[in-house]
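Undergrad:
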Amino acid sequence: MSKKLARILVLVCLAGYSYSNYFYNSTNNAAANGLTWTMDNILPEYNGLAVNGVYYSYTPQKVKEDDFKVTVQNINTNGGYVFREVDDWSGKSGGVEIRKVLGFEYLPREIWGDGSIQTEGTGTIQNANVVYSYRYEDKCKTPLDDPTCAGYSDAVLELIPEQAELDIYNALEDENLEKEEAKAEYEEEEKKEQKKEDKEEDLEYALAINEEVLEFGNAAAQNQLLAAMNLSVQIGNYYNKTIDGGTYEEKVVLQDSELPDNGQSMLFNLGSDYRHKELVDSQYNRGE
Amino acid sequence: MAFGVANAHQMSPTYPVLEDSYLEGISVTKVKVFNKREDVKYYEIGVFDKDFKPIPFVAQYKLRGIDFNEYAIFDIYLNNKYSKDATYICSESMLTDIESTGLNSKICSKIKK
Amino acid sequence: MIKELALIGVVGIVSFGGSKSAFALDVPITAQVTGSCIISTETQGTYGQPYAYKLSTAASDGGQQPVTRVDVTLANAYKVKFTAPDSFSSAPQLNDVVTFTGDTEVQAVSDATNMADYETDKVEVNDYVDEYGLTATGSTWFKHSSVANNGGDRAFPSGTYTSYVTAECIAL
Numbered sequence: 001m002s003k004k005l006a007r008i009l010v011l012v013c014l015a016g017y018s019y020s021n022y023f024y025n026s027t028n029n030a031a032a033n034g035l036t037w038t039m040d041n042i043l044p045e046y047n048g049l050a051v052n053g054v055y056y057s058y059t060p061q062k063v064k065e066d067d068f069k070v071t072v073q074n075i076n077t078n079g080g081y082v083f084r085e086v087d088d089w090s091g092k093s094g095g096v097e098i099r100k101v102l103g104f105e106y107l108p109r110e111i112w113g114d115g116s117i118q119t120e121g122t123g124t125i126q127n128a129n130v131v132y133s134y135r136y137e138d139k140c141k142t143p144l145d146d147p148t149c150a151g152y153s154d155a156v157l158e159l160i161p162e163q164a165e166l167d168i169y170n171a172l173e174d175e176n177l178e179k180e181e182a183k184a185e186y187e188e189e190e191k192k193e194q195k196k197e198d199k200e201e202d203l204e205y206a207l208a209i210n211e212e213v214l215e216f217g218n219a220a221a222q223n224q225l226l227a228a229m230n231l232s233v234q235i236g237n238y239y240n241k242t243i244d245g246g247t248y249e250e251k252v253v254l255q256d257s258e259l260p261d262n263g264q265s266m267l268f269n270l271g272s273d274y275r276h277k278e279l280v281d282s283q284y285n286r287g288e
Numbered sequence: 289m290a291f292g293v294a295n296a297h298q299m300s301p302t303y304p305v306l307e308d309s310y311l312e313g314i315s316v317t318k319v320k321v322f323n324k325r326e327d328v329k330y331y332e333i334g335v336f337d338k339d340f341k342p343i344p345f346v347a348q349y350k351l352r353g354i355d356f357n358e359y360a361i362f363d364i365y366l367n368n369k370y371s372k373d374a375t376y377i378c379s380e381s382m383l384t385d386i387e388s389t390g391l392n393s394k395i396c397s398k399i400k401k
Numbered sequence: 402m403i404k405e406l407a408l409i410g411v412v413g414i415v416s417f418g419g420s421k422s423a424f425a426l427d428v429p430i431t432a433q434v435t436g437s438c439i440i441s442t443e444t445q446g447t448y449g450q451p452y453a454y455k456l457s458t459a460a461s462d463g464g465q466q467p468v469t470r471v472d473v474t475l476a477n478a479y480k481v482k483f484t485a486p487d488s489f490s491s492a493p494q495l496n497d498v499v500t501f502t503g504d505t506e507v508q509a510v511s512d513a514t515n516m517a518d519y520e521t522d523k524v525e526v527n528d529y530v531d532e533y534g535l536t537a538t539g540s541t542w543f544k545h546s547s548v549a550n551n552g553g554d555r556a557f558p559s560g561t562y563t564s565y566v567t568a569e570c571i572a573l
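Residue numbers (our numbering), protein chains in the order written: chain A, 1 to 288; chain B, 289 to 401; chain C, 402 to 573.
1) Given residue 547(C), which residues of its chain have a CB within under 6 Å of its CB, disregarding the five upstream and five downstream residues?
2) Quick check: what's the CA-CA separation for residue 358(B) versus residue 325(B)?
3) Please name the residue or residues paired with residue 353(B) in a DSSP beta bridge.
4) For the 8 Å Cβ check, are there 3 or more pairs between the region 486-497 of chain C and the region 534-543 of chain C?
5) Starting from residue 156(A) and walking both ways along the alpha helix (DSSP H), at which residues does that stretch end?
6) Less than 7 Å between CB atoms is the rule here; does residue 513(C) satisfy it with respect to chain A?
7) Please name the residue, chosen from 437(C), 447(C) and 453(C), that lies closest to residue 610(C) on a Cα-to-Cα basis.
8) May I ask you to list, following chain order, the residues of the region 115-134 of chain A that have a beta carbon less than 7 Å from some beta carbon of chain C?
9) Within 10 angstroms of the Cβ of residue 382(B), are there 16 or more other Cβ atoms? Answer buried if so, exposed if not.
10) Can you list the residues of chain C that residue 87(A) reaches, using a CB-CB cut of under 8 Å?
11) Under 7 Å between C-beta atoms, does residue 97(A) make it to chain C?
12) Do residue 75(A) and residue 40(A) have their CB atoms nearer than 7 Å?
13) Once the 5 residues before and after residue 375(B) are set aside, which same chain residues still bring their CB inside 7 Å of it?
14) Measuring alpha carbon to alpha carbon, tell me which of 93(A), 73(A) and 123(A) ends up nearest residue 131(A).
15) Nearest chain C C-beta to residue 92(A) closer than 7 Å, yes or no?
16) Compare the C-alpha of residue 440(C) against each of 563(C), 536(C), 479(C) and 496(C) and name the closest.
17) Looking at the secondary structure, which residues open and close the alpha helix (DSSP H) in which residue 514(C) lies?
18) Given this structure, state the Cα-to-Cα distance separating residue 250(A) from residue 282(A), to the nearest angstrom.
19) Measuring straight from C-alpha to C-alpha, what distance separates residue 203(A) and residue 192(A)?
20) Select from 60(A), 186(A), 101(A) and 21(A) the residue whose C-alpha is nearest the C-alpha of residue 54(A).
21) My output table needs one value for residue 96(A): the three-state DSSP class, helix, strand or coil.
22) At the level of alpha carbons, what is the spacing between residue 310(B) and residue 333(B)?
23) Would you call the region 523-531 of chain C in contact with the region 466-479 of chain C, where contact means no fewer than 3 C-beta pairs closer than 8 Å?
24) So, using beta-carbon positions, are residue 517(C) and residue 92(A) closer together than 7 Å?
25) To the nearest angstrom, how far is it from the Cα of residue 345(B) to the Cα of residue 464(C)?
26) Since residue 362(B) and residue 370(B) should fall inside the 8 Å C-beta cutoff, what is the C-beta to C-beta distance between them, to a whole number of angstroms?
27) Give a yes or no on contact between the region 123-137 of chain A and the region 41-61 of chain A, applying the rule of three or more CB pairs nearer than 8 Å.
28) For the candidate residues 172(A), 127(A), 94(A) and 48(A), whose alpha-carbon lies nearest to that of residue 31(A)?
29) Could you check how far apart the C-beta atoms of residue 88(A) and residue 513(C) are, in whole angstroms? I think they sit under 8 Å.
30) Using 7 Å as the limit for Cβ to Cβ distance, is residue 62(A) near chain C?
31) Starting from the Cα of residue 318(B), find the closest Cα among 328(B), 299(B), 329(B) and 351(B) and give me that residue.
32) According to DSSP, simplified to helix, strand and coil, what is residue 440(C)?
33) Could you run through the region 521-545 of chain C and flag, in chain order, every residue whose CB is less than 8 Å away from some CB of chain A?
34) Less than 7 Å between the beta carbons of residue 99(A) and residue 564(C), yes or no?
35) Buried or exposed: residue 23(A), going by 16 or more other Cβ atoms within 10 Å of its Cβ?
36) Run through DSSP, which three-state label would residue 18(A) get?
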């Protein structure tokens with residue numbers, strides 16, 4: 001019930017509620033183990049934590065006629081009290097629980113000193129319940145979460161073990177640097193060599209090109225020479241050459257002007273013609 | 289001191305004032321009902337005398353649906369012959385769901401004389 | 402005569418002009434304080450069944466007492482009246498007469514000095530109705546008890562039983 005009411009407290013007492021950078025939560029019962037408590041044991045160690053509300057409840061046990069006062073308070077580390085609520089039960093009946101909610105304007109955890117419930121007069125209290133609601137920045141849950149968080153440098157220094165020797169590093173004396181320098185020198189030498197070789201190659205190349213050019217020039221001159229020579233050659237004599245030949249007369253002359261058909265071969269011819277026709281037709285009747 | 293719990297029925301003002309309306313012989317007043325009960329969807333308005341006997345009145349809605357987290361303003365018109373007896377204006381939750389929280393709430397404001 | 406009158410007139414004018422007359426304007430600052438009463442359900446009640454013929458909201462009987470919270474923003478402006486259930490609002494068919502008893506008590510207050518005596522000062526209107534004068538601004542929690550006994554100690558038929566507490570906040 002108290003946890004539920006404390007959560008409700010968070011919803012009610014917050015002003016300028018923002019979802020973007022803050023987490024909101026509430027503590028457990030601060031008075032669970034006694035009527036005094038240290039806030040360091042109650043509030044989590046989140047960076048930038050601020051308390052915005054307190055909920056408390058208890059049941060006084062007293063006789064109506066008795067004087068009885070109950071004070072719920074938190075000391076302010078800067079002096080005085082963060083809050084101090086006095087419930088005066090003098091002349092009142094006991095046995096009725098009291099529930100109170102107090103709101104604050106996001107007070108940082110540094111000012112929250114010890115809390116307590118004090119009684120004065122005749123009576124006791126039961127079921128004391130004190131819950132604090134708070135918020136903290138999500139990115140600075142601990143100082144190490146982000147370099148921009150407060151206390152980041154100190155937190156980093158704390159991580160360094162005390163017995164560690166602090167060698168001040170001189171980059172100029174780094175042996176790796178010497179190696180690097182030697183390497184750089186070597187590379188520079190290499191580059192110079194390379195440049196030199198490149199120059200020589202260039203020269204050779206240039207020279208090679210010139211020779212090729214010369215050769216090319218000679219070849220061109222030769223071609224021209226050949227063309228000139230060709231022009232002077234008389235080709236026409238070769239085209240116009242005639243060969244002495246003659247005409248070969250036919251020596252075998254047939255006396256008859258016509259040749260009669262051979263009657264005996266008619267049957268053979270017809271047979272062969274028919275057979276020939278059959279063969280020709282057979283290629284078209286293949287599928288039948 | 290508000291705790292903002294899940295189920296609440298609220299009505300204001302505590303002492304509504306009857307004023308002359310634009311109609312002759314008719315008085316008017318306003319009450320505001322806020323519904324923060326998820327289990328209640330309707331509220332009924334009534335006007336009563338000092339013994340909680342009903343008094344005739346006119347309103348645009350006598351039974352009105354008010355959604356969760358919404359409020360409604362009721363304009364209540366009373367004939368002047370009844371207005372001197374009218375003592376309370378009440379809003380009462382109308383429970384329709386048998387699974388509701390088991391609380392029937394009624395808030396009565398007292399007409400300022 | 403005329404000279405004297407004139408002199409008086411001049412003196413009168415000088416006197417009037419000599420005294421500084423301040424023209425003051427009263428600017429009223431008004432406020433209309435409107436109170437309100439808020440009735441909330443803190444805890445829903447449930448019936449336990451310690452015996453077949455008995456339904457009870459007591460924790461020892463397996464039930465849960467409903468708790469109502471009343472907030473008032475104007476002191477001495479409201480009283481609250483609670484009516485415990487005297488019948489079921491919904492139940493299976495019942496053949497016997499059911500006997501109800503109920504009560505309301507203050508469970509918690511938000512102001513020790515001004516609210517501690519609410520319970521001792523309450524008015525029991527009848528067996529079912531309790532009335533409290535809300536003399537202080539703030540919140541008061543009320544717990545309600547309800548017991549239903551079936552007639553003849555016969556078992557309740559199976560089914561769902563529902564009853565309501567009525568809370569009325571009445572302006573004084």
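Glycine included, C-beta positions come from ideal geometry on N, C-alpha and C.
None of the values given here were measured: they were computed from a predicted structure.
TA: According to the structure shown:
1) Taking the first residue of the third sequence as 1, we reach residue 547(C) at position 146. Answer for residue 547(C): 458, 485, 486 and 503, listed in chain order.
2) Position 70 of the second sequence, counting from 1, holds the residue named residue 358(B). Position 37 of the second sequence, counting from 1, holds the residue named residue 325(B). About 10 Å.
3) Residue mapping note: residue 353(B) aligns to position 65 of the second sequence, counting from 1. Beta-bridge pairing links residue 353(B) to 330(B).
4) In short, these stretches do not touch, since the Cβ pair count stays below three.
5) The sequence position of residue 156(A) within the first sequence is 156, counting from 1. Per DSSP, residue 156(A) belongs to the alpha helix (DSSP H) from 152-159.
6) By one-based count along the third sequence, residue 513(C) stands at place 112. Yes, contact with chain A.
7) As displayed, chain C neither begins before 402 nor continues past 573, which places residue 610(C) out of reach and without an answer.
8) none
9) In the second sequence, the residue the question calls residue 382(B) occupies position 94. By the neighbour-count rule (16 or more Cβ atoms within 10 Å), residue 382(B) is not buried but exposed.
10) In the first sequence, the residue the question calls residue 87(A) occupies position 87. Chain C residues near residue 87(A): 513 and 514.
11) As a working note, residue 97(A) is residue 97 in the first sequence. Answer yes: the Cβ-Cβ gap between residue 97(A) and chain C drops below 7 Å somewhere.
12) Counted from its first residue, the first sequence places residue 75(A) at position 75. Counted from its first residue, the first sequence places residue 40(A) at position 40. Not a contact, by the Cβ cut-off of 7 Å.
13) Against the second sequence, residue 375(B) aligns to sequence position 87. Only 336, 337, 338, 398 and 399 meet the Cβ criterion.
14) Along the first sequence, read from residue 1 onward, the residue named residue 131(A) stands at position 131. That would be 73(A), whose Cα lies nearest to the Cα of residue 131(A).
15) One-based indexing of the first sequence puts residue 92(A) at position 92. Yes, residue 92(A) counts as interfacial toward chain C.
16) Start at 1 with the first residue of the third sequence, and residue 440(C) comes out as number 39. Cα-wise, what sits closest to residue 440(C) is 479(C).
17) Indexing the third sequence from 1 puts residue 514(C) at position 113. 513-516 is the span of the alpha helix (DSSP H), which, as asked, contains residue 514(C).
18) Here residue 250(A) refers to the residue found at position 250 of the first sequence. Here residue 282(A) refers to the residue found at position 282 of the first sequence. Approximately 44 Å, taken between the alpha carbons.
19) For this step, residue 203(A) is matched to residue 203 along the first sequence. For this step, residue 192(A) is matched to residue 192 along the first sequence. The straight-line gap from Cα to Cα measures roughly 16 Å.
20) Sequence index remark: in the first sequence, residue 54(A) carries index 54 (1-based). Nearest C-alpha to residue 54(A): 101(A).
21) Locating residue 96(A) in the first sequence gives position 96, where the first residue counts as 1. Residue 96(A) falls in the coil class under three-state DSSP.
22) Reading the second sequence from its first residue, position 22 is the one you call residue 310(B). Reading the second sequence from its first residue, position 45 is the one you call residue 333(B). Distance between the alpha carbons of residue 310(B) and residue 333(B) is about 22 Å.
23) No: fewer than three Cβ pairs fall under 8 Å.
24) Residue 517(C) sits at position 116 when you count from the first residue of the third sequence. Residue 92(A) sits at position 92 when you count from the first residue of the first sequence. Yes; because the gap between Cβ atoms is below 7 Å, this pair is in contact.
25) Translated into positions along the second sequence, residue 345(B) becomes position 57. Translated into positions along the third sequence, residue 464(C) becomes position 63. Rounded to the nearest angstrom, the two C-alpha atoms are 43 Å apart.
26) As a working mapping, residue 362(B) is identified with position 74 in the second sequence. As a working mapping, residue 370(B) is identified with position 82 in the second sequence. Contact flag wrong, Cβ pair sits at about 17 Å.
27) yes
28) One-based indexing of the first sequence puts residue 31(A) at position 31. Looking at the Cα atoms, 127(A) is the closest of the given residues.
29) The count along the first sequence starts at 1 and reaches residue 88(A) at position 88. The count along the third sequence starts at 1 and reaches residue 513(C) at position 112. Separation of the CB atoms of residue 88(A) and residue 513(C) is rounded to 6 Å, and the pair is thereby assigned contact status at 8 Å.
30) Within the first sequence, the letter at position 62 stands for residue 62(A). Taking Cβ atoms only, chain C never reaches closer than 7 Å to residue 62(A), which makes this a no.
31) Within the second sequence, the letter at position 30 stands for residue 318(B). Per the Cα distances, 299(B).
32) Translated into positions along the third sequence, residue 440(C) becomes position 39. In the structure shown, residue 440(C) sits in a strand (DSSP, three-state: E or B).
33) 521, 540 and 542
34) The residue you call residue 99(A) lines up with position 99 of the first sequence. The residue you call residue 564(C) lines up with position 163 of the third sequence. No, they are not a contact pair.
35) Translated into the one-based positions of the first sequence, residue 23(A) becomes position 23. Residue 23(A) comes out exposed.
36) Sequence index remark: in the first sequence, residue 18(A) carries index 18 (1-based). At residue 18(A) the pLDDT is 43, less than 50, meaning the model places this residue with poor confidence and gives no usable figure here.
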